[in-house]
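The listed protein sequences derive, respectively, from chains A, B and C.
Take 1 as the starting number for the first sequence in this note's numbering and just add one per residue.
Take 1001 as the starting number for the second sequence in this note's numbering and just add one per residue.
Take 2001 as the starting number for the third sequence in this note's numbering and just add one per residue.
For every residue, glycine included, the Cβ atom is placed at its ideal position computed from N, Cα and C.
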Amino acid sequence: MKLKSRDILALEEMPREDMELILDTASSMKEIIYRPIKKVPTLRGKTVVTLFYEASTRTRTSFELAAKYMSADTVSIATATSSVQKGETLKDTARTLRVMGSDCVIMRHPVSGSCHFLARVLDIPVINGGDGMHEHPTQGLLDMFTMREKKGRLEGLRVAIIGDIYHSRVARSNIWGLKKMGASVVVCGPATLLPPEIEKMGVEATTRVEEAVKDADVVMVLRLQLERQQRGLFPSAREYSRLWGITRERLNLAKPDALLMHPGPMNRGIEIASEVADSPQSTIEDQVTNGVAVRMAILYLLLGGGEEK
Amino acid sequence: MVTEKARIMDEEAMRRAITRIAHEILEKNKGIEGLVLVGIRRRGVPLAERLARQIEAIEGRRVPVGSLDITLYRDDLTLRSDHPVVHRTEVPFAVQGKKVVLVDDVLYTGRTVRAALDAIMDLGRPALIQLAVLVDRGHRELPIRADYVGKNVPTSRREIIHVKLKETDDEDAVIIEEMT
Amino acid sequence: MKLRGKPEPLLIRGGRVIDPAQGIDAEMDVLLADGVVSQLGHGLEADGARVFEARGLWVVPGLIDMHVHLREPGEEWKEDIASGTRAAAAGGFTTVVAMANTRPPVDDASMVNSILARAAEKAVVHVLPVGAVTRGLEGKELAEMGDMAEAGAVAFSDDGHPIADAEVMRCALEYGCVFGKPIIDHCQEPSLTRDAVMHLGYWSTVLGLRGMPAAAEEIMVARDIMLARLTGGRVHIAHASTRGTVDLLRGARAEGLPVTAEVTPTHLCLTDRLVHDTWYDTNTKVNPPLRAAEDVEALRRALAEGVIEAIATDHAPHHLDDKDVEYNYAAFGISALETAVPLLLTELVHPGLIAPGTLIERLTAGPARILGLGAGSLPVGRQPAAGSAPVVAGCRRVGAGSLRVGGCADVTVIDPGLERTVDPERFYSKGRNTPLGGRKLRGWPVLTVVAGHVVMRDGEVLA
């Protein structure tokens, strides 16, 4: 089996078969994370570069662990320590990494579309670790993996995504992925944080959180970027929390066995109440573990084979 | 084109071979103390299961059975343009200090067994590892030999040994096929 | 203009002459001599003139592009007057109106003179300079519009920057209308477009790019219309791009206000979906942004009806370094002179959406009328002050968007059936920034004649 995708850039363009292959492979990979010796020799001699133009601990660590568990070497470049500070263009940085012999670049970048740009410049696989407000495909896949693992299916699930949809690459990746896998999605947040015409992506949109959460199989809470408040998109974190925060009462409107998800890191007491974040319904820690498994699967599927004959 | 050349084992022969191997395992290991069976995916898994049932019939107690996917340990990944599908490794017991019998259908170049040895070692440090195969067809490329063999079948490299099992195929049989 | 000496007489024979200003659309011969159109008729004798056989081709007045960025002085690595006017010639344009946002900007008479002097030396088509509305394009103090008008500025504009302060715009219209020149405004309410890089709509939602709402343009178009009503000054809306703008223009027109507008081939033919379908190709990044399909629909209708009177390219060449970066960091603009005619023919004329005569009118008589180049009447407004300088731009006369006998011999010949693939590497412009690279288009200019001089033939610029 082989991925049709050469790069992992956006779930919008990823065929359903590719998503299924990644999820299936990830479930085989997950066992390795629990071994006493967490290492398989599959990617020995391969070098994976993480190129992060935005601060991130969780995603970068997850990719690096995934690569290390597969025996790849990892190099991590963060803006603060690279020539990016000296005004080097992304294209030049990427080409430099390529000629140094890296086999795959994982990039996070504040500008939407930058990973597509990188993929046009490079002849090695590019994995999108989050591009601006566009997509975060590996997060979407790990979220779907978690839902499938807990619910046994994705088809027919009702997933409510609550929060700052406008700026969320996590929301966009989940929407495309879940729609392709046959789930239904409702997005909810203040009107200033819902992008225009989002319904055309095949989702319901509402500003009323109770309506969104009602009868949901999954409630996914997004991180609220508090700096958006400065831009006047909502008046205060307090009011946001009162109107859109996920509390026990609100979660009770969902199905009794509903999952509570959050991509992390959480603002406790703002978008999510601690009582639900730490409840048995919460899959927040599973998401972290699954993230490593999904990224191992992706690295194997992109780098594990030889050249096309 | 692949043509069937000969049937070298039928259901009955296979049953007898498994019974014999079960006895040999018990004899060599002096019972089932510390014994575990690990089948190599795919057809090693049902064979390990059959051996376990046979041992249970003899000893009245069940030995633990696990299954091992060796895809991630293959040495030919970079030679292939497709990606072998990774299946789950399920060894739901510690191998530390155990007598591990690896089970596979055919022993050929020895490369699969080499990968399986590495995979087992990554799970812990067994007391010893033995190898049981239904068919040994020769042509080893590594210094590996089986401890228990259902049938030795001299073959040419152009021939293909096809083990069919009821669990994975529709019948129990071992067939020699030839590329023409 | 670089073209010197007396041009050889040229007979353009047997083509379909489309001259909307004279109401002509018929097979005719055109004889050019001494830099003017000397005869127009049937069966003209060559009489020693070189002959260009134009059977099956369109023979039209030299095209006028009233919105071009030539980048000289200050950004010559992007474009200069020589390369920009050669691109114009290649694209079938005989006159270009050069925007004032150079470095330094054209905001006083000496800069206008400088542009005209440079053009006289290097240009291969007519260059008509625009003067800035405000000093330094800063939107604060009025520039010396009277001096610039006398020096030869044909219009005033801070293009690239909207005139955000309504009081400044009001003063510019009141003061400037004395000189009979339109104020060309790049309409965009800046607070609504901060950090935005494409049209706000479904595709910006999908792509996660900050969007410019159509309302940002419409708010300022509405304001300018109201200020035109208040002052009687002439407002020209640069690159109209939304359905709402079209509705506002229609209202202004019905009221008889001195408001005109142009639209670019880009906005008539491409939609915001292209940003998605090219996966963030920075050559789709332009300001105003590529709009939604319904906007394109409305613009086409407005063009056909005459609510929008001119097509202008907003030719905005950039260096590869300005475009070969992440989408948000890329410069706005499309190098458009060399693809305008084939794009318009392919997308609008061949499918029957716009009649050939209408298209040619919007590329010739329309802009000439807005700029006061032709004999056509000016839109309603105060009359020009007595004694204001005639339009002179490096050559003695400028084609006025018509093939009237005695007028400047600016002629463009178009082969409506010629099919060619857009190859940015072969552009005469230094700016290869086009989203049309690789596209097969049908209907290319094959001959450009400026003041009787053949400056382009079969795609090759000769001057």
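Reduced DSSP secondary structure (H/G/I, E/B, other) of residue i
{"i": "valine 2469 of chain C", "result": "Past the boundaries of the shown model lies residue 2469 of chain C; chain C is included only from 2001 to 2463, so the question cannot be answered."}
{"i": "proline 195 of chain A", "result": "coil"}
{"i": "proline 2129 of chain C", "result": "strand"}
{"i": "leucine 2003 of chain C", "result": "coil"}
{"i": "valine 2030 of chain C", "result": "strand"}
{"i": "tyrosine 240 of chain A", "result": "helix"}
{"i": "alanine 2375 of chain C", "result": "Note that alanine 2375 of chain C scores a pLDDT of 44, beneath 50, so its modelled location is shaky and nothing firm can be said."}
{"i": "lysine 68 of chain A", "result": "helix"}
{"i": "lysine 39 of chain A", "result": "coil"}
{"i": "valine 2449 of chain C", "result": "strand"}
{"i": "arginine 1043 of chain B", "result": "coil"}
{"i": "proline 2384 of chain C", "result": "Residue confidence is low: proline 2384 of chain C scores 36 on pLDDT, short of 50, so the model does not pin down where it sits. No coordinate-derived value is stated."}
Residue i: first and last residue of the uninterrupted alpha helix (DSSP H) it sits in
{"i": "threonine 2245 of chain C", "result": "2243-2255"}
{"i": "threonine 2321 of chain C", "result": "Note on residue identity: the sequence assigns aspartate, not threonine, to residue 2321 of chain C. First-last of the alpha helix (DSSP H) with aspartate 2321 of chain C: 2320-2323."}
{"i": "histidine 2067 of chain C", "result": "Looking at the DSSP string, histidine 2067 of chain C is not in any alpha helix (DSSP H); the run it does join, the beta strand (DSSP E), is 2063-2068."}
{"i": "glutamate 12 of chain A", "result": "Glutamate 12 of chain A -> no alpha helix (DSSP H), and no H or E assigned at all."}
{"i": "histidine 1023 of chain B", "result": "1011-1029"}
{"i": "methionine 1121 of chain B", "result": "1111-1123"}
Closer than 8 Å to chain B by CB, residue i
{"i": "serine 102 of chain A", "result": "no"}
{"i": "valine 292 of chain A", "result": "no"}
{"i": "threonine 192 of chain A", "result": "no"}
{"i": "valine 48 of chain A", "result": "no"}
{"i": "proline 256 of chain A", "result": "no"}
{"i": "valine 105 of chain A", "result": "no"}
{"i": "threonine 42 of chain A", "result": "yes"}
{"i": "isoleucine 124 of chain A", "result": "no"}
Contact list for residue i against chain A, beta-carbon separation under 8 Å
{"i": "glycine 2043 of chain C", "result": "Near glycine 2043 of chain C there are no residues of chain A at all, since even the closest Cβ is about 57 Å away, more than 8 Å."}
{"i": "valine 2060 of chain C", "result": "Per Cβ cutoff of 8 Å: no residues; valine 2060 of chain C is ~40 Å from chain A at best."}
Proximity test, Cβ basis, 8 Å: residue i and chain C
{"i": "phenylalanine 117 of chain A", "result": "yes"}
{"i": "serine 114 of chain A", "result": "yes"}
{"i": "methionine 338 of chain A", "result": "Since the first residue of chain A shown is 1 and the last is 309, residue 338 of chain A is not available in this structure."}
Proximity test, Cβ basis, 8 Å: residue i and chain A
{"i": "valine 2206 of chain C", "result": "yes"}
{"i": "serine 2388 of chain C", "result": "Note that serine 2388 of chain C scores 34 on pLDDT, short of 50, meaning its location in the model is unreliable; the coordinates nonetheless yield the value given after this. So, not an interface residue."}
{"i": "arginine 1088 of chain B", "result": "yes"}
{"i": "asparagine 2328 of chain C", "result": "yes"}
{"i": "leucine 2209 of chain C", "result": "yes"}
{"i": "aspartate 1105 of chain B", "result": "no"}
{"i": "tryptophan 2077 of chain C", "result": "no"}
{"i": "glutamate 1178 of chain B", "result": "no"}
{"i": "arginine 1117 of chain B", "result": "The residue asked about is misnamed: residue 1117 of chain B is leucine in this sequence, not arginine. No, its Cβ sits nowhere closer than 8 Å to a Cβ of chain A."}
{"i": "arginine 1043 of chain B", "result": "no"}
Nearest residue (CA-CA) to residue i, options the options
{"i": "serine 2206 of chain C", "options": "A:Leu11, A:Ile33 and A:His262", "result": "Inspection of the sequence shows that residue 2206 of chain C is occupied by valine rather than by serine. Here the closest residue by C-alpha is A:Leu11."}
{"i": "glutamate 2217 of chain C", "options": "C:Ala2164, C:Ala2149 and C:Ile2370", "result": "C:Ala2164"}
{"i": "serine 102 of chain A", "options": "A:Asp92, A:Pro125 and A:Met220", "result": "A:Pro125"}
{"i": "valine 2286 of chain C", "options": "C:Phe2332, C:His2276 and C:Arg2243", "result": "C:Phe2332"}
{"i": "alanine 216 of chain A", "options": "A:Val105, A:Met147, A:Lys255 and A:Ala55", "result": "A:Lys255"}
{"i": "glycine 1060 of chain B", "options": "B:Glu1024, B:Val1163 and B:Ile1032", "result": "B:Ile1032"}
{"i": "leucine 1077 of chain B", "options": "A:Val49, A:Leu51, A:Phe52 and A:Gly45", "result": "A:Gly45"}
{"i": "proline 263 of chain A", "options": "A:Thr289, A:Glu249, A:Ser114 and A:Arg242", "result": "A:Thr289"}
{"i": "glycine 1044 of chain B", "options": "B:Leu1165, B:Thr1180 and B:Met1179", "result": "B:Leu1165"}
Range covered by the beta strand (DSSP E) that runs through residue i
{"i": "asparagine 1152 of chain B", "result": "1148-1152"}
{"i": "glycine 101 of chain A", "result": "It is not in any beta strand (DSSP E) - glycine 101 of chain A carries neither H nor E in the DSSP assignment."}
{"i": "phenylalanine 2052 of chain C", "result": "2050-2053"}
8 Å Cβ cut-off: residues of chain C touching residue i
{"i": "glutamate 197 of chain A", "result": "Gly2201, Tyr2202 and Thr2205"}
{"i": "leucine 90 of chain A", "result": "Val2325 and Glu2326"}
{"i": "arginine 169 of chain A", "result": "Gly2208"}
Chain-ordered neighbours of residue i on chain A, where CB pairs are closer than 9 Å
{"i": "valine 1085 of chain B", "result": "Met1, Leu21, Asp24, Thr25 and Ser28"}
{"i": "tryptophan 2279 of chain C", "result": "Leu9, Ala10, Glu13, Gly113, His116, Phe117, Ala119 and Arg120"}
{"i": "glycine 1066 of chain B", "result": "Result: empty, since nearest Cβ-Cβ is about 11 Å, beyond 9 Å."}
Interface partners of residue i on chain C, CB under 9 Å
{"i": "histidine 109 of chain A", "result": "Glu2326"}
Heavy atom of the ligand FAD within 7 Å of residue i beta-carbon
{"i": "alanine 1115 of chain B", "result": "In the structure shown, the ligand FAD is absent, as is every other ligand, since no ligand is present at all."}
Chain-ordered neighbours of residue i on chain B, where CB pairs are closer than 8 Å
{"i": "leucine 259 of chain A", "result": "The contacting residues do not exist; leucine 259 of chain A stays about 23 Å from chain B at best."}
{"i": "tyrosine 300 of chain A", "result": "Leu1072, His1083 and Val1086"}
{"i": "glycine 202 of chain A", "result": "Correct list: empty, because the minimum Cβ distance to chain B is about 30 Å."}
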